[in-house]
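The next block holds one structure in the form of structure tokens; read it before the comments.
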Amino acid sequence: MTASLLNILTKAEQGHDLTPAEGVALLEARDSESLAQIRATSARLRQQQAGETVTYVVNRNINFTNICEQHCSFCAFRRDPDTEGAYWLSWEQILSKSAEAVAQGATEICMQGGLHPAAQVNGSSLHYYLRLVETIKTDFPTLHLHAFSPQEIQFIAQQDDLSYAEVITALHQAGLDSMPGTAAEVL
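Those letters in the sequence shown? Residues 1 to 187, by the numbering used here.
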């Protein structure tokens, strides 16, 4: 192992942030001695921060539609309606994907979708999103539902002339357990 890699690992163990270049140097290490030392250092740092507690969640991502009115420059996911690759899952497809996830041992569903103006039930965007939650929670009440980005909350609120609090409260009461911390573009 090189002195440079040893210095980087020492710096990390002393609690100092690594530079991007130092991170790249660790990722580029290939010899067995360096890899063993990186693993050992990583294990010590994990032990200091978390002890022996290691957790994970088995989940499934369900993107219920990629049809979206936004045109974010970074997004390769969105489609216009009636264009190649556009989709909008039915309630049955969403439930089927949830059932498949549970059969595979999932305890959580992460669900998001495009901002689709036609995604309404009885003329209400909120009612559509409530039905998404209820579709899953009716059959799988103990499944953790981690869904709807802040961008989606903003969209629902704007579509139905509601406050963010009203939207989040209604979704939570219907069974939404948590929200992903994505969609920084709303800031």
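In this text, a Cβ means the ideal position worked out from N, Cα and C, and glycines have one as well.
With respect to residue 70, residue 115 sits close: the two C-beta atoms are nearer than 8 Å. Straight-line spacing of the CA atoms in residue 181 and residue 112 works out to 12 Å. Assigned with DSSP and collapsed to three states, residue 66 falls in coil, not helix or strand. With 16 or more neighbouring CB atoms inside 10 Å of its own CB, residue 128 falls in the buried class. The closest CA to that of residue 58, considering only 91, 28, 105 and 126, is found on 105. In the structure shown, residue 93 falls within a helical segment according to DSSP collapsed to helix, strand and coil. The closest CA to that of residue 134, considering only 94, 4, 153 and 48, is found on 94. Around the C-beta of residue 14, fewer than 16 other C-beta atoms lie within 10 Å, and the residue is accordingly described as exposed.
A direct Cα-to-Cα measurement between residue 160 and residue 65 gives close to 19 Å.
Residue pairing by DSSP places residue 111 opposite 62 and 147 in a beta bridge. In this structure, the CA atom of residue 11 is about 37 Å from the CA atom of residue 146.
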